[in-house]
Amino acid sequence: MQRALSILITAAALTACSGLRDLSSDVSTFSQWPADRKPSTYTFERLPSQEQNPQQMQLLEDAAHRAMESAGFQLATDPKTADVSVNLGARVSPNEPSPFDNPFWWHGGLYTHRFYGRPGFYRPGFYSGFGYEPASYEREVAMLIRDRKSGQALYEVRVTNDGYSSSINSLLGAMFQAGLKDFPAGGPNPRRVVTQIGAS
Numbered sequence: 001m002q003r004a005l006s007i008l009i010t011a012a013a014l015t016a017c018s019g020l021r022d023l024s025s026d027v028s029t030f031s032q033w034p035a036d037r038k039p040s041t042y043t044f045e046r047l048p049s050q051e052q053n054p055q056q057m058q059l060l061e062d063a064a065h066r067a068m069e070s071a072g073f074q075l076a077t078d079p080k081t082a083d084v085s086v087n088l089g090a091r092v093s094p095n096e097p098s099p100f101d102n103p104f105w106w107h108g109g110l111y112t113h114r115f116y117g118r119p120g121f122y123r124p125g126f127y128s129g130f131g132y133e134p135a136s137y138e139r140e141v142a143m144l145i146r147d148r149k150s151g152q153a154l155y156e157v158r159v160t161n162d163g164y165s166s167s168i169n170s171l172l173g174a175m176f177q178a179g180l181k182d183f184p185a186g187g188p189n190p191r192r193v194v195t196q197i198g199a200s
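Right under this line is the structure:
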């Protein structure tokens, strides 16, 4: 009976975690956070250009909110009374393949310089002569925490990872969690941090 109960508990745990996947990201943090300052209240601050896409910004803010709470912050009920302000950003960039990414061209071949990121060479996939290479993408989020009254930058976060999908929306929460995992410490930069996609 006890063994059967143990199996049921294990099965339930596996079912609960079945929706979670690990996400490995490179994290860089730069901290000027005072040692005696405790996390308090915050408000999000949008740049004028970001106001052109309020739905996307709301998605970013919702994803970052959980990470801010995990770091000890609380969203201010009145933005004017917030202790810090938070700026967010996200982007996806293609890792563009080059026709010179082929051993034939290396080490003093026809071309001794390797080219990267030339727009004319980008394709959904690239045939290198040794096989088809699918397109990959670099996904990045950034966060800047400032003292709201003085405007002083206190904590800067950059999180990147690569993948074969340009979709980033489902990864935002895990990426912001990775960026604030060591708050308020900075460096070493970059460092590999693993978080879970789909974790609440």
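Residue numbers (full-length UniProt numbering): 1 to 200. For glycine and all other residues, C-beta sits at the position ideal for the given N, C-alpha and C. All of these numbers come straight from a predicted model, not from anything done at the bench.
Name the DSSP beta bridge partners of residue i, please?
i: residue 90; result: 141
i: residue 43; result: 85
i: residue 78; result: Bridge partners of residue 78: none, in fact.
i: residue 147; result: 84
i: residue 166; result: DSSP output for residue 166 lists no bridge partner at all.
i: residue 136; result: 95
Starting from residue i, trace the beta strand (DSSP E) in both directions and tell me its first and last residue.
i: residue 196; result: 191-197
i: residue 23; result: 21-31
i: residue 162; result: 153-163
Thinking residue i and residue j are a contact (beta carbons under 8 Å), I'd like their distance in whole angstroms, please.
i: residue 88; j: residue 143; result: 6 Å
i: residue 174; j: residue 197; result: 5 Å
i: residue 95; j: residue 26; result: Not a contact, Cβ separation roughly 14 Å.
i: residue 183; j: residue 141; result: So it is not a contact: roughly 15 Å between Cβ atoms.
i: residue 137; j: residue 165; result: 7 Å
How far does the alpha helix (DSSP H) with residue i in it reach, from first residue to last?
i: residue 66; result: 54-70
i: residue 174; result: 172-179
For residue i, collect the residues of the same chain with a Cβ closer than 6 Å to its Cβ; drop the 5 residues on either side in sequence, then sort them by chain order.
i: residue 139; result: 92, 161 and 168
i: residue 73; result: 39 and 42
i: residue 194; result: 22 and 24
Under 8 Å Cβ to Cβ from residue i, same chain only, skipping five residues before and after it: list those, please.
i: residue 47; result: 87
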